[in-house]
Structures are given as C-alpha cells and as structure tokens.
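Peer 1: In terms of the numbering used here, the sequence shown opens at residue 35 and continues consecutively. Don't be surprised by glycine CBs; every beta carbon is placed ideally from N, CA and C. Predicted model only: the values in this text are computed from it and were never measured.
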Amino acid sequence: MTDTKPDDRTSEPCGCKVGRIADQYALEGLDDELVRYWTDRTEDRYSTRDLAEHVNQRVLAAALDEAGLQYKDGEVENTYRLLTSDDVSSGTRVQTRKELERDAVPIEDVESDFISHQTVYNHLTDCLEASLETPSDEERLERSRDKLGALRNRTSAVTEDTIAQLERGDVLDIGEFNVLVNVTVTCEECKTQYTVQDLFDQGGCDCQQTAD
Ligand SMILES: [Zn+2]
Ligand SMILES: [Zn+2]
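1. In three-state terms, what does DSSP make of Q199?
2. Does the segment 191 to 200 touch the segment 156 to 173, meaning 3 or more C-beta pairs lie closer than 8 angstroms?
3. Beta carbon of G53: closer than 7 angstroms to some heavy atom of ligand 1?
4. Does the segment 58 to 71 come close enough to the segment 111 to 130 that 3 or more CB-CB pairs lie under 8 angstroms?
5. Residues in the same chain with beta-carbon distance under 6 angstroms from Y155, minus the five sequence neighbours each way, listed in chain order, please.
6. With DSSP run on the structure shown, which of helix, strand or coil describes T113?
7. What did DSSP end up calling V205 once you bin it into helix, strand or coil?
8. Anyone know if the C-beta pair for V93 and I141 falls short of 8 angstroms?
9. Could you check where the alpha helix (DSSP H) with T82 kicks off and where it finishes?
Listed below in structure tokens is the structure:
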C-alpha cells in the first residue's frame, strides 16, 4: 500500500531526474508502474536496481522510436545490456554505440539520461511518497503456506509420474494408487511432531509458547 494519489502525480511532474526524463521521453504511466513493481507482494517484486534498469530500457526504447528505428522483441533489452553490462567487452560497447549513432540515436545524451537505483529510490520515497510496507505475520504465514503447498503438489505429481513410468516399464507392479505427501516437523526440544499446517496454525511449538 502506498500513500500516493495518482491524480496528483500525473498532473505535476516532480523536479528530480526521473520526473524530468519521464516528461522528456513521454514515458506514460511510469510512476504507477514503478510503484506497482516495487510494492508487488510476490516474489516478482522489483528491486530498485531492477527498476532503474526498467526505466533505462524504456528511455532507450523511446530514443529508438524517436529515431524511427524498428526493433524486435528483446532487442531493446539486449542493446541496453551491450551498452551497460560489465560482461560486455569495451570493443562491443564501442561498436554498439557507433551503430546507434549511425542510426541517428543521440546515444551519448541517452546514456546521460540513464538513472541509478539510488535515483529511483529517492524518486519513489521522496517524490511519490511510496513505502514498502512490511507484510504482517499473517500474510507471511499465508505466503509460506502457499509456497509449501505448491511444493507438496509438485512432489506428489513427480512421484506419481515416476511410479507410473516404472510400472509401464514393468519394473514395478502396483494397482491403482494414490500418493500422499506428508511433511512432519519435530521440535527437537520437546520432541513433539507437527504437520506443517498444524505448526503454522498454532504459531509455534507448545513448549516455546509457555516459555514466553
Ligand atoms: Zn522524482
Ligand atoms: Zn517443542
């Protein structure tokens, strides 16, 4: 959740570099995108580094558009990588720049418009007043439940497939069968065993709860 009011920020660009380039390159919906990706409550959440890369790739794409260049899916990302990645030789980088210049992309200006993760962070927190809310205990448990549930389903599916395969190959004989995946957690202090579900529902082991 954020405190940002979408109406306010579309009407008046902020004074920082992100606001300036969003305006200059007409990066529509950038602020909403940044806040959404940053505060996403799944594992797909963007770090400020991912966000800076995303903004810079949009800047690059806008510059290519401006120069009237056609590009295929993934090409902007790749060009950005050639311009910025440490894994790319300086020869390749120079070559990439030359080609862009030849295609009328003012690459030097474009590169100076690239932003850092710190700039994105400041824009998010100062200009947009967005904040990363730490998830509640309940939300964290819920997410973990989902994750482990998916893992159990996968284990069960792989087990079923494996048995079926062995059976088809006449390595194993079994009738109709059913796979049940059970994960047991033992508290080493009191030796009590729990299913993950029970442990989560209960919020911990009995022996620890009385100790608090
Ligand atoms: Zn800003
Ligand atoms: Zn215990």
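Peer 2: Once the coordinates are examined:
1. Here residue 199 is taken as the residue at index 165 of the sequence shown, counted from 1. Reduced to three states, the DSSP call for Q199 is helix.
2. no
3. The sequence position of residue 53 within the sequence shown is 19, counting from 1. True, at least one ligand heavy atom lies under 7 angstroms from that Cβ.
4. Touching, no, given that fewer than three Cβ pairs across the two stretches are closer than 8 angstroms.
5. Here residue 155 refers to the residue found at position 121 of the sequence shown. Short of 6 angstroms from the beta carbon of Y155, and not among the five residues preceding or following it, lie these beta carbons of its own chain, in chain order: T82.
6. Position 79 of the sequence shown holds residue 113. In this structure, T113 counts as helix in the three-state DSSP scheme.
7. Numbered from 1 along the sequence shown, position 171 holds the residue referred to as residue 205. V205: coil per DSSP, three-state reduction.
8. The residue given as residue 93 occupies position 59 in the sequence shown. The residue given as residue 141 occupies position 107 in the sequence shown. Not a contact, by the Cβ cut-off of 8 angstroms.
9. Taking the sequence shown and counting its residues from 1, one reaches residue 82 at position 48. T82 to E100 is the extent of the alpha helix (DSSP H) around T82.
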